[in-house]
Amino acid sequence: KRIIERNHLEPKSFLEVGCGAGAVLSELSKSYPESNFIGYDIAPAAAYFWDKYTSGNVNFTLGDFVNQNNGHYDVLMALDVLEHVADPFVFLRSLSNSAEYFIFHIPLDLCAASVIRETPYIILQGVLQSACCRSVGIR
12 KRIIERNHLE PKSFLEVGCG AGAVLSELSK SYPESNFIGY DIAPAAAYFW DKYTSGNVNF
72 TLGDFVNQNN GHYDVLMALD VLEHVADPFV FLRSLSNSAE YFIFHIPLDL CAASVIRETP
132 YIILQGVLQS ACCRSVGIR
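Just so we're aligned: the sequence shown equals residues 12 to 150 in this note's numbering.
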């Protein structure tokens, strides 16, 4: 929510790729009750939790977003997903035309390179995320 507010966004549609149980979308829907929320996940076990979080403006789909999507969203989120895909660059390219804005979380909490170089991981994390997104045309 802070990322959205800090950037003065007023999204009407949210999509989360790799939504898991759906708690993130459910929580966001409380702050943006007029917006639509869609979650995709490929793990059948995630669907077990969706009844708890499905509401009038929050819905979930079991399947591969990259192969099933035909929509465009204001905000696309992929939180702790990139480390699970075979080729992150191909994955990011496949998302690049699906939304106006993107929110990624890439867990780099303890990166060996940052320890060796004595670079704070938060700076390294921001640099890597920006470079990765720019390389596939995501701003």
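Just so you know, even glycine gets a beta-carbon here, dropped at the ideal spot from N, CA and C.
Nearest candidate by alpha-carbon position, reference residue i, set the options
i, options, result
"GLY31", "GLU94, LEU20, LYS23, PRO55", "PRO55"
"THR65", "GLY33, ILE14, PRO118", "GLY33"
"ASN70", "TYR51, LEU106, PRO118", "TYR51"
"GLU111", "GLY82, SER40, LEU39", "GLY82"
"LEU90", "ASN80, PHE60, PHE25", "PHE25"
"PHE48", "ASP98, LEU36, GLY74", "LEU36"
"LEU199", "LEU106, PHE115, VAL28, ILE14", "Absent from the structure is residue 199, since the part of the chain shown begins at 12 and ends at 150."
"SER105", "ASN80, GLU16, ASP85, TRP61", "ASN80"
Assigned secondary structure, residue i (DSSP; H/G/I helix, E/B strand, else coil)
i, result
"SER66", "strand"
"ALA58", "helix"
"ALA34", "helix"
"GLU21", "coil"
"ILE117", "coil"
"GLU1", "No answer is possible for residue 1: the residues shown for the chain start at 12 and end at 150."
"SER40", "helix"
"VAL96", "coil"
Contact belief for residue i with residue j at Cβ below 8 Å, rounded distance in angstroms
i, j, result
"ILE117", "LEU93", "5 Å"
"SER46", "PRO22", "6 Å"
"PRO44", "ASN68", "7 Å"
Residue(s) in a DSSP beta bridge with residue i
i, result
"ASP52", "LEU73"
"LEU106", "Paired residue(s): none; LEU106 is not in a bridge."
"VAL28", "TYR51"
"VAL101", "Paired residue(s): none; VAL101 is not in a bridge."
Contact test: residue i Cβ vs the ligand GTP heavy atom, cutoff 8 Å
i, result
"ALA34", "Only the bare structure without any ligand can be found here, which leaves the ligand GTP out of the picture."
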